[in-house]
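Engineer: Numbering (the working numbering), first residue to last: 18 to 380.
Below you will find the structure I want to go over with you.
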Ligand code: ACO
């Protein structure tokens with residue numbers, strides 16, 4: 018047996034989401050991603066994912082109001098954090114701040130955990146620029162408030178819709194590495210805060226949620242449409258992976274890429290995005306798909322969620338160092354729903370390994 022990354026191993030039954038890698042289809046609680054993105058706000062998607070996993074039913078409107086209060090409550094933690102913590106890379110600072118919150122499994126803990134990354138990330142980003150953090154506005158939706166806390170001004174309608182679309186698109190995605198980490202921790206009976214901390218730690222690697230920053234680095238390094246093919250070929254010659262391409266499950270285009278490309282369109286049409294960047298990205302995407310087909314004919318490699326994540330979050334003025342943190346803001350609800358499902362319906366996760374080291378010498 019090889020260390021094959023548990024490929025094709027079924028490690029849980031879930032009613033939360035289904036990833037069909039051959040068809041390129043994602044279903045979240047019975048709703049296909051394209052419909053969900055078109056119709057749902059962040060609060061709608063969060064209420065859908067948490068349905069049946071809280072002590073009491075909760076509507077999207079309830080959640081919006083309670084999350085507003087929770088954001089105001091967690092904001093106070095920013096003022097008690099020391100400078101060393103606040104100067105860590107944004108996702109690490111966010112994780113360290115969340116680690117200071119109480120653990121638990123109830124609705125209050127859930128609210129705190131959904132609110133905390135949304136408040137901590139913009140505050141950390143502003144402090145790192147030498148600016149004062151902006152206090153949350155409880156009456157705003159989660160997406161509008163994140164953007165308001167980031168930029169100290171009210172976002173446009175198109176910006177709020179684009180962030181909602183992003184947060185909904187990445188809210189849950191089967192048993193990815195961070196969600197599995199969340200379920201492993203939940204299976205031991207540790208609380209939701211512990212699950213979320215484990216999940217953030219798994220998310221930040223470049224093979225998972227750490228890819229979108231490097232996607233923008235790649236676009237910058239390529240610089241112009243004419244250089245795309247040569248640059249990509251040289252990167253592959255050096256044995257590098259093209260960030261934003263390939264996926265363990267999808268053998269076709271990641272449906273989330275199109276959902277995010279669609280979410281970018283209103284920003285493009287209203288001139289709220291650098292059109293040159295979009296044109297370059299489209300050219301790089303085409304060149305990368307062609308060169309990957311030539312170089313890896315046996316492995317279908319297509320664009321994944323991170324490619325358009327990079328463009329969308331850049332258009333919303335998040336710095337690239339913060340992209341993984343924004344991913345965590347959206348995925349926390351999926352991690353919590355999975356942790357609750359595991360705690361309520363699962364058993365301790367404890368696989369076995371095959372020992373291939375030396376045996377003790379006979380005396
Ligand atoms: N560029 C070039 N080659 C690639 C890429 C890529 N992006 N992705 C996979 N390959 C190649 C590998 O080099 C390997 O080739 P080989 O057999 O000749 O050595 C083959 O495809 C299979 O690679 P694995 O690592 O076994 O594939 P796996 O399913 O584990 O990888 C992963 C999935 C980690 C996402 C990979 O495609 C990758 O590294 N992509 C780039 C990073 C990225 O975009 N990450 C975000 C993923 S989406 C998310 O997690 C939210």
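All C-beta atoms in this analysis are idealised placements derived from N, C-alpha and C, irrespective of residue type, glycine included.
So for residue 218, helix, strand or coil by DSSP?
Structural biologist: Translated into positions along the chain shown, residue 218 becomes position 201. In the structure shown, residue 218 sits in a helix (DSSP, three-state: H, G or I).
Engineer: By the 10 Å Cβ neighbour count, where 16 or more other Cβ atoms means buried, how is residue 230 classified, buried or exposed?
Structural biologist: Against the chain shown, residue 230 aligns to sequence position 213. With 16 or more Cβ atoms within 10 Å of its Cβ, residue 230 is classed as buried.
Engineer: Where do the N-terminal and C-terminal ends of the alpha helix (DSSP H) with residue 128 fall, by residue?
Structural biologist: As a working note, residue 128 is residue 111 in the chain shown. Segment 124–145, the alpha helix (DSSP H) holding residue 128.
Engineer: Return yes when the C-beta of residue 260 is under 7 Å from any heavy atom of ligand 1, and no when it is not.
Structural biologist: Here residue 260 refers to the residue found at position 243 when the chain shown is read from its first residue. Yes, Cβ of residue 260 sits closer than 7 Å to a heavy atom of ligand 1.
Engineer: Should the stretch 298–315 be called in touch with the stretch 234–249, which here means at least 3 C-beta pairs below 8 Å?
Structural biologist: yes
Engineer: Is DSSP giving residue 291 helix, strand or coil here?
Structural biologist: Walking along the chain shown from the start, residue 291 turns up at place 274. Residue 291 falls in the coil class under three-state DSSP.
Engineer: Would you mind reading off the limits of the beta strand (DSSP E) that contains residue 91?
Structural biologist: For the purposes of this step, residue 91 is identified with residue 74 of the chain shown, where counting begins at 1. No beta strand (DSSP E) contains residue 91, which is instead part of the alpha helix (DSSP H) from 77–92.
Engineer: Spell out a yes or no on whether the stretch 148–163 and the stretch 311–323 are touching, meaning 3 or more CB-CB pairs, one atom from each, closer than 8 Å.
Structural biologist: no
Engineer: Is the stretch 57–76 touching the stretch 99–112, taking contact as three or more C-beta pairs under 8 Å?
Structural biologist: no
Engineer: Give, in chain order, every unbroken run of the beta strand (DSSP E) that is at least 3 residues long and sits entirely within the stretch 211–276.
Structural biologist: As summarised for the stretch 211–276, there are no continuous beta strand (DSSP E) elements at least 3 residues long confined to that stretch.
Engineer: Select from 286, 130 and 200 the residue whose C-alpha is nearest the C-alpha of residue 362.
Structural biologist: Looking up residue 362 in the chain shown gives position 345. Closest option to residue 362, Cα to Cα, is 200.
Engineer: Go through its chain and collect everything with a Cβ distance to residue 80's Cβ below 7 Å, but skip five positions before and after it.
Structural biologist: Numbered from its first residue, the chain shown carries residue 80 at position 63. 60, 63 and 64, listed in sequence order.
Engineer: Under 8 Å: do the stretch 283–297 and the stretch 330–337 share three or more Cβ pairs, one atom per stretch?
Structural biologist: yes
Engineer: Quick test of the definition: if touching needs 3 or more C-beta pairs under 8 Å, does the stretch 249–256 touch the stretch 162–170?
Structural biologist: no
Engineer: Identify, in the order they occur along the chain, each residue of the same chain with its Cβ nearer than 8 Å to the Cβ of residue 173, setting aside the five sequence neighbours on each side.
Structural biologist: Stepping through the chain shown from its first residue, residue 173 is reached at position 156. Non-local C-beta neighbours of residue 173 in its own chain, meaning closer than 8 Å and more than five positions away in sequence, comprise 287 and 289, ordered along the chain.
Engineer: Give the straight-line distance between the Cα atoms of residue 197 and residue 374, rounded to the nearest whole angstrom.
Structural biologist: To locate residue 197, count along the chain shown from 1; it is residue 180. To locate residue 374, count along the chain shown from 1; it is residue 357. Whole-angstrom Cα-Cα distance: 27 Å.
Engineer: Are the CB atoms of residue 233 and residue 327 within a distance shorter than 8 Å?
Structural biologist: Working through the chain shown from its first residue, we reach residue 327 at position 310. Working through the chain shown from its first residue, we reach residue 233 at position 216. Closer than 8 Å, so yes.
Engineer: Is the CB-CB distance between residue 353 and residue 209 below 8 Å?
Structural biologist: The residue you call residue 353 lines up with position 336 of the chain shown. The residue you call residue 209 lines up with position 192 of the chain shown. Yes, they are a contact pair.
Engineer: In terms of DSSP beta bridges, what is residue 42 paired with?
Structural biologist: On the chain shown, residue 42 is found 25 positions in, with the first residue counted as 1. Residue 42 pairs with 37.
Engineer: Assuming residue 179 and residue 110 are in contact, meaning their beta carbons sit under 8 Å apart, how far apart are those beta carbons, in whole angstroms?
Structural biologist: Stepping through the chain shown from its first residue, residue 179 is reached at position 162. Stepping through the chain shown from its first residue, residue 110 is reached at position 93. Not really, about 25 Å apart at Cβ, beyond 8 Å.
Engineer: Counting only the same chain and skipping the five closest in sequence on each side, list residues whose C-beta sits under 8 Å from that of residue 116.
Structural biologist: For the purposes of this step, residue 116 is identified with residue 99 of the chain shown, where counting begins at 1. For residue 116, where only same-chain residues beyond five positions count, the Cβ hits under 8 Å are 210 and 214.
Engineer: If I measure Cβ to Cβ from residue 182 and keep anything under 6 Å in the same chain, skipping five residues before and after, which residues do I get?
Structural biologist: Within the chain shown, the letter at position 165 stands for residue 182. Contacts found: 54 and 280.
Engineer: At what residues does the alpha helix (DSSP H) containing residue 348 begin and finish?
Structural biologist: The residue labelled residue 348 in the question sits at position 331 within the chain shown. Per DSSP, residue 348 belongs to the alpha helix (DSSP H) from 340–362.
Engineer: From 169, 158 and 135, pick the residue whose C-alpha is nearest to that of residue 149; which is it?
Structural biologist: The count along the chain shown starts at 1 and reaches residue 149 at position 132. Checking every option, the nearest Cα to that of residue 149 belongs to 169.
Engineer: Could you tell me the distance, in whole angstroms, from the CA atom of residue 237 to the CA atom of residue 283?
Structural biologist: Taking the first residue of the chain shown as position 1, residue 237 is located at position 220. Taking the first residue of the chain shown as position 1, residue 283 is located at position 266. So the two alpha carbons sit approximately 24 Å from each other.
Engineer: Run the proximity test for residue 263: is its beta-carbon closer than 7 Å to any non-hydrogen atom belonging to ligand 1?
Structural biologist: Counting from 1 along the chain shown, the entry for residue 263 is found at position 246. With a cutoff of 7 Å, residue 263 counts as near ligand 1, since its C-beta is closer than that to a heavy atom of the ligand.
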